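Before any comments, here is the structure.
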Amino acid sequence: MIGGIVGAAAGAASSLLGSFGRNAALKRQIRDLSARKDANQDWYDQRYNEDATQKADAQRMLAMTEEAIRNRNRQAAGTAAVMGGTEESVAATKAANAQALADTASQIAVAGDQRKAQVESQYMARNDALDDQIGTLKGQKQNWADMAGNAIGGAAEGFKAGFGLG
Numbered sequence: 102m103i104g105g106i107v108g109a110a111a112g113a114a115s116s117l118l119g120s121f122g123r124n125a126a127l128k129r130q131i132r133d134l135s136a137r138k139d140a141n142q143d144w145y146d147q148r149y150n151e152d153a154t155q156k157a158d159a160q161r162m163l164a165m166t167e168e169a170i171r172n173r174n175r176q177a178a179g180t181a182a183v184m185g186g187t188e189e190s191v192a193a194t195k196a197a198n199a200q201a202l203a204d205t206a207s208q209i210a211v212a213g214d215q216r217k218a219q220v221e222s223q224y225m226a227r228n229d230a231l232d233d234q235i236g237t238l239k240g241q242k243q244n245w246a247d248m249a250g251n252a253i254g255g256a257a258e259g260f261k262a263g264f265g266l267g
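So, in structure tokens, the structure goes:
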């Protein structure tokens with residue numbers, strides 16, 4: 102009789118202590134994953150909202166295009182002055198150069214949109230993976246709670262049997 106009671110009490114205590122410890126560990130893991138989700142959100146907000154024209158490669162591309170345009174405009178003006186070209190030919194060259202600059206800016210915008218799509222895809226994949234991990238941990242937490250409840254129920258049955266009540 103006393104052995105059954107002691108065994109039931111020891112089993113219940115062991116289950117409770119194990120459950121509390123495991124529950125605390127699962128809470129820490131969930132908290133850590135939530136912090137990673139926050140960091141992922143911060144990364145996304147920063148990267149998605151970056152101005153594509155302010156990136157170093159875009160600035161270099163624009164500067165090189167502008168320099169090439171200035172050189173062509175000077176060359177067109179010099180050629181017109183020396184060979185007696187018309188203002189229309191210089192204006193046509195300047196218009197073509199302006200179109201080249203607009204095309205460069207358009208290419209930068211397209212590349213920026215592609216980068217945004219890639220950032221969004223990466224963010225969603227990371228976020229989904231973190232949500233899955235959090236869901237798994239919450240499921241484990243519930244399983245441990247159920248197991249602890251079952252162990253306590255088993256201990257109660259052991260007490261009843263030990264006292265001849267069951």
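The sequence shown begins at 102 in the working numbering and counts up by one.
In this text, a Cβ means the ideal position worked out from N, Cα and C, and glycines have one as well.
Since this is a predicted model, take the numbers as computed values, not measurements.
Straight across, the Cα-Cα distance linking A164 with V191 is about 22 Å. One Cα belongs to A203, the other to A196, and the distance between them is close to 10 Å. Non-local C-beta neighbours of K242 in its own chain, meaning closer than 7 Å and more than five positions away in sequence, comprise N124, L127, ordered along the chain.
Of Q234, A201, V220, the smallest CA-CA separation from A169 is found for A201. The DSSP assignment places complete alpha helix (DSSP H) segments of no fewer than 4 residues inside the stretch 116-191 at 157-184, in order along the chain. Just so you know, the alpha carbons of T166 and V220 end up roughly 28 Å apart.
Put simply, of D152, Q147, A199, T237 the residue whose alpha carbon is nearest the alpha carbon of V211 is D152. If you check the CB distance, L231 and R137 come in under 7 Å. One thing to note: I209 has its Cβ within 7 Å of the Cβ of T154.
The Cβ-Cβ distance between A182 and T194 does not fall below 7 Å. When the Cα atoms are used, A218 and E188 turn out to be separated by approximately 45 Å. By the beta-carbon neighbour count (other beta carbons within 10 angstroms, threshold 16), A159 is buried. If you draw a straight line from the Cα of R216 to the Cα of D133, it comes to about 28 Å.
Ranking Q142, R148, W144 by CA distance to the CA of D214 puts R148 first.
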